[in-house]
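Peer 1:
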Amino acid sequence: MGSNLPSPDAVDAETPLNPAELQVLRAQYEKEGEMVGVQTKFNFAWGLVKSTRRDDQQLGVMLLSEIFRTSPERRRECLYYLALGNFKLGNYAEARRYNDLLIKREPANLQASNLRSLIDDKVAKEGLMGVAIVSGIAVAAGVIGGVLFRNMGRHR
């Protein structure tokens, strides 16, 4: 029997921390300042990625990207949340790239497989919208061209 309920991972993608929880992570991050630990930075980035605010999500992706670049031992942990953050920001190519890296490392990772489905669904929907927009523009251009061509014939 099929269900229209979202997968637990899809719910995770859309469930932000409450403001007090995010503030605890932010306070710890700010308290550590220049000497911020990788785990503290990761925790704060994780909370930011889960936020509904675009600027929080962007900061979260930026922090995760820094961890990914500077801490090779933490890359695996960053992959899913980099994919999720980019997905939420609408950067589907980047989301797919990070998610595919995770699936390559862990082919049985259900979280990554579910996120891949979410990414593919969004790309398909937006692709269809893009095709519809381009088709509409082409039809409009054809109509305008036809009217102009017909009017040119009358003036001769």
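Be aware that the sequence shown starts at 1, since it is given in full-length UniProt numbering, and climbs by one per residue.
C-beta atoms are modelled at their ideal positions from N, C-alpha and C, and glycine is treated no differently.
(1) Quick check: Ala83 and Asn99, are their CB atoms within less than 8 Å of each other?
(2) Answer yes or no: do Leu89 and Ser51 have a C-beta to C-beta separation smaller than 8 Å?
(3) Rounded to a whole number of angstroms, what is the C-alpha to C-alpha distance between Gly85 and Lys31?
(4) With DSSP as the reference, label Asn91 as helix, strand or coil.
(5) Please determine, among Val61, Tyr80, Val49, the residue with the shortest C-alpha to C-alpha distance to Arg116.
(6) Rounded to the nearest angstrom, what separates Ser71 and Gln111 at their Cα positions?
(7) Alpha carbons only, please: which of Arg54, Asp55, Gly47 is nearest the one belonging to Cys78?
(8) With a threshold of 16 other CB atoms inside 10 Å of the CB of Gln57, please say whether the residue is buried or exposed.
(9) Could you tell me if Arg96 is buried or exposed, where buried requires 16 or more neighbouring beta carbons within 10 angstroms of its beta carbon?
(10) So Tyr92 and Val123 are in contact, right, with Cβ under 8 Å, and what is the actual spacing, rounded?
(11) Given this structure, state the Cα-to-Cα distance separating Pro107 from Asp120, to the nearest angstrom.
(12) Taking the alpha-carbon positions, what's the Pro8 to Arg150 distance?
(13) What does the alpha-carbon distance come out to for the pair Asn114 and Ile144?
(14) Go ahead and pull the three-state DSSP assignment for Arg150.
(15) Return the CA-CA distance between Ala27 and Ile103, expressed in angstroms with no decimal places.
(16) Taking the C-alpha atoms as reference points, what is the distance between Glu126 and Phe87?
Peer 2: According to the data block:
(1) Locating residue 83 in the sequence shown gives position 83, where the first residue counts as 1. Locating residue 99 in the sequence shown gives position 99, where the first residue counts as 1. The answer is yes: Cβ separation under 8 Å.
(2) Here residue 89 refers to the residue found at position 89 when the sequence shown is read from its first residue. Here residue 51 refers to the residue found at position 51 when the sequence shown is read from its first residue. Against a cut-off of 8 Å, the Cβ pair of Ser51 and Leu89 comes out as no contact.
(3) As a first step, residue 85 is located in the sequence shown; it is residue number 85 there, counting from the start. As a first step, residue 31 is located in the sequence shown; it is residue number 31 there, counting from the start. Near 24 Å, if we compare the C-alpha coordinates of Lys31 and Gly85.
(4) Within the sequence shown, the letter at position 91 stands for residue 91. DSSP places Asn91 in coil when its eight states are reduced to three.
(5) Working through the sequence shown from its first residue, we reach residue 116 at position 116. The closest CA to that of Arg116, considering only Val61, Tyr80, Val49, is found on Tyr80.
(6) Position 71 of the sequence shown, counting from 1, holds the residue named residue 71. Position 111 of the sequence shown, counting from 1, holds the residue named residue 111. When rounded, the distance between both Cα atoms is 23 Å.
(7) Against the sequence shown, residue 78 aligns to sequence position 78. Per the Cα distances, Gly47.
(8) Along the sequence shown, one-based indexing puts residue 57 at 57. Answer is buried; the Cβ neighbour count reaches 16.
(9) Position 96 of the sequence shown holds residue 96. By the Cβ-count criterion, Arg96 is buried, with 16 or more other Cβ atoms from all chains shown falling within 10 Å of its own Cβ.
(10) Translated into positions along the sequence shown, residue 92 becomes position 92. Translated into positions along the sequence shown, residue 123 becomes position 123. That pair is a contact at about 5 Å.
(11) Here residue 107 is taken as the residue at index 107 of the sequence shown, counted from 1. Here residue 120 is taken as the residue at index 120 of the sequence shown, counted from 1. For Pro107 and Asp120, the distance between alpha carbons rounds to 17 Å.
(12) Residue 8 sits at position 8 when you count from the first residue of the sequence shown. Residue 150 sits at position 150 when you count from the first residue of the sequence shown. Residue confidence is low: Pro8 scores 48 on pLDDT, short of 50, so the model does not pin down where it sits. Its coordinate-derived value is still stated next. For Pro8 and Arg150, the distance between alpha carbons rounds to 59 Å.
(13) Along the sequence shown, one-based indexing puts residue 114 at 114. Along the sequence shown, one-based indexing puts residue 144 at 144. Whole-angstrom Cα-Cα distance: 45 Å.
(14) The residue given as residue 150 occupies position 150 in the sequence shown. Here Arg150 sits in helix by DSSP.
(15) Translated into the one-based positions of the sequence shown, residue 27 becomes position 27. Translated into the one-based positions of the sequence shown, residue 103 becomes position 103. For the pair Ala27 and Ile103, the Cα-to-Cα distance works out to about 33 Å.
(16) The count along the sequence shown starts at 1 and reaches residue 126 at position 126. The count along the sequence shown starts at 1 and reaches residue 87 at position 87. Distance between the alpha carbons of Glu126 and Phe87: 13 Å.
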